[in-house]
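Asker: Its first residue numbered 101, the sequence shown is counted upward by one per residue in the working numbering.
Even glycine gets a Cβ: it sits at the ideal position worked out from N, Cα and C.
Could you have a look at this structure, given as structure tokens, before my questions?
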Amino acid sequence: MPQDRKQYRGPGKAYRTGITLLDLARMFPTEESAVQWFERVTWANGRCCGHCGGLDTRRTKSGKPQPYFCRDCKRYFSLRTGTVMANSKLPIRTWVYAIYLNCTSLKGVSSMKLHRDLGITQKSTWHLQQLIRESFNAESPMSFGGPIEVDEVWVGGRKPRHLPGRGPIGKTPVVGAKDRATNQVTAHVIKSPSKGTLHSFVNNVASDGAEVYTDGSSAYRGRQNHEWVNHSAGEYVKGKMVHTNGIESFWSLLKRAHKGTFHKMSPKHLQRYVTEFVARHNIREWDTMEQMQEVVARMVGRQLTYRDLIRDNGLPSGARSG
């Protein structure tokens, strides 16, 4: 990785090293180079079987039916086994480029653009991206020490008209929180922004005693260490601390991606899109290769078939009840 590519410096942060598409092409000139990199990241602690996790493995002489054999479970495996790539026939080099473009595109990258850039069908790129988003779901639950900004947003739909007590027509609610101390974000699709749902979300992400700042919604009332700003009265900052500008900035990016990049985020798959933006936000200060390695590491132990992906279960993927 070129060490002289210093792109920007954040407050109190070291320079982040980025790479260009030309750099990427030099780093991964062949399929074999991509496979070797994937194996180094996936098996950072030593090669293990994707079926049973056993460490007693050997390379097969012919590479068939799989490159490796596990002496523990007596099964053949490859680096795809036990990951979201298990059923994918796309070259590993294609995965490298897809991961790079997803990591470096601030507002995401559409399946149509990937279809043109990678030379595969739009159906394949859509599936590939959903598998990458599924990998982000491996992120551990967060507990914020605060101060914490909490807010909800409505995503999707075309009609701005509201129904009493129902919210905007055709839109899906998402609740999110941003921890000012760490600048980390978490967000979840919900069925409705009811008091019980919002209080449960805040209790899950806020450490004991953490200060919580919200807008003036009555659904947040009744919690200790809670202050709010009254947006309906034109109040957006109270004193020097009480505001929700940080989480609203995150929502702004998600909305611009919805309108300008994806154009549609269905309720069924919305949680994966939200999780992708959360994960990209939380590792945005990392070097590009570190971001890519994080995605690859999270692929392990995650599986999602195309049949399950398109199955109509009538519920938003990953939605929480409200």
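#1: Note down the Cα distance separating K359 from Q371, rounded to an integer number of angstroms.
#2: Could you pull the DSSP bridge partners for G276 from this structure?
#3: Which residue from A357, V302 and D387 puts its Cα closest to that of E311?
#4: Judging by CA-CA distance, which residue of R159, H363, L206 and L190 is the nearest neighbour of K223?
#5: Are E249 and I383 closer than 7 Å when you measure CB to CB?
#6: Note the first and the last residue of the continuous alpha helix (DSSP H) segment covering C152.
#7: Taking all protein chains shown into account, do 16 or more other C-beta atoms lie within 10 angstroms of the C-beta of I232, making it buried, or fewer, making it exposed?
#8: Judging by CA-CA distance, which residue of V396, D408, R411 and E376 is the nearest neighbour of R95?
#9: For R402 and G309, what's the separation of their Cα atoms in angstroms?
#10: Tell me which residues share the same chain as F236 and place their Cβ nearer than 7 Å to its Cβ, disregarding the 5 neighbours each side in the sequence.
#11: What's the call for V337, buried or exposed, on a 16-neighbour Cβ count within 10 Å?
#12: What are the uninterrupted segments assigned as beta strand (DSSP E) that are 3 or more residues long and contained completely in the region 146-198, given in chain order?
#13: Determine the contact status of T160 and R147, defining contact as a CB-CB distance below 7 Å.
#14: Look at the Cβ atom of L122, then the Cβ atom of Y200, and state whether they are nearer than 7 Å.
#15: Hey, would you say the C-beta of V396 is under 6 Å away from at least one heavy atom of the ligand FMN?
#16: Within its chain, find whatever has a CB closer than 6 Å to the CB of Q103; leave out the 5 residues flanking it on each side and keep chain order.
#17: Which same chain residues, not among the five before or five after H215, have their C-beta less than 8 Å away from its C-beta?
#18: Any idea if M341 is buried or exposed, counting beta-carbon neighbours within 10 angstroms, 16 or more meaning buried?
#19: Leaving aside the five residues before and after V171 along the sequence, list all residues of the same chain whose C-beta is less than 8 Å from its C-beta, in chain order.
#20: Would you mind working out which of Y320, Q324, G316 and H343 sits nearest N330, comparing C-alpha positions?
#21: Please report how far the alpha carbon of G150 lies from the alpha carbon of S188, in whole angstroms.
#22: Compare the C-alpha of R280 against each of E252, S243 and L298 and name the closest.
#23: Just list the beta strand (DSSP E) runs in the region 336-379, keeping only unbroken ones of 3 residues or longer that don't cross its boundaries, in chain order.
#24: Grab the span of the alpha helix (DSSP H) containing Y406 for me, first residue to last.
#25: Which residue from N325, A357 and H369 puts its Cα closest to that of E234?
#26: Could you name the residues that DSSP lists as bridge partners for W328?
#27: As a quick exercise: from D217, Q230 and N283, pick the residue whose alpha carbon is nearest that of G246.
#28: Roughly how many angstroms lie between the CA atoms of Q393 and H227, to the nearest whole one?
#29: On the CB-based measure, 16 or more other CB atoms within 10 Å of its CB, does D408 come out buried or exposed?
#30: Just reading off the alpha helix (DSSP H) that R233 is part of, what are its end residues?
#31: Can you check DSSP and say which residues form a bridge with A306?
#32: For a test of the three-state rule: what should DSSP assign to V400, helix, strand or coil?
Answerer: In this structure, then:
#1: For K359 and Q371, the distance between alpha carbons rounds to 17 Å.
#2: DSSP output for G276 lists D251 and A287 as bridge partner(s).
#3: Nearest of A357, V302 and D387 to E311, Cα basis: V302.
#4: Residue L190 is the option with its Cα nearest to K223.
#5: Going by beta carbons, E249 and I383 fall outside the 7 Å limit.
#6: Segment: none, C152 is in no alpha helix (DSSP H) and carries neither H nor E.
#7: Result: buried.
#8: The displayed coordinates of the chain run from 101 to 422. Any statement about residue 95 would go beyond what the structure contains.
#9: Cα to Cα, R402 sits roughly 35 Å from G309.
#10: Cβ within range, chain order: T375, E376, A379 and R398.
#11: Counting Cβ neighbours within 10 Å, V337 comes out exposed, since fewer than 16 surround it.
#12: Entirely contained in the region 146-198, the beta strand (DSSP E) runs reaching 3 residues are, in chain order, 157-159, 168-170 and 175-177.
#13: Contact: no.
#14: Not a contact, by the Cβ cut-off of 7 Å.
#15: You won't find the ligand FMN in this model; it holds no ligand whatsoever.
#16: Only weak support exists for where Q103 lies, its pLDDT of 37 falling under 50; the value from the coordinates is given anyway. Excluding positions up to five away in sequence, the list is empty.
#17: Only T221, Q222, S224 and T225 meet the Cβ criterion.
#18: Counting Cβ neighbours within 10 Å, M341 comes out exposed, since fewer than 16 surround it.
#19: According to the sequence shown, residue 171 is Arg rather than Val. Excluding sequence neighbours, R171 sits near G154, D156, T157 and R158.
#20: Residue G316 is the option with its Cα nearest to N330.
#21: Taking the straight line from one Cα to the other gives about 15 Å.
#22: Nearest option by C-alpha distance: S243.
#23: Every candidate beta strand (DSSP E) stretch fails here, since none sits fully inside the region 336-379 while reaching 3 residues.
#24: Counted as a single uninterrupted DSSP element, the alpha helix (DSSP H) harbouring Y406 occupies residues Y406 to I410.
#25: Taking only the C-alpha atoms, the option nearest E234 is H369.
#26: The beta-bridge partner set that DSSP reports for W328 consists of T314.
#27: For the residues D217, Q230 and N283, the minimum Cα distance to G246 belongs to N283.
#28: If you draw a straight line from the Cα of Q393 to the Cα of H227, it is about 20 Å long.
#29: By the 10 Å Cβ count, D408 comes out exposed.
#30: First-last of the alpha helix (DSSP H) with R233: Q222 to F236.
#31: Answer is F244.
#32: V400 falls in the strand class under three-state DSSP.
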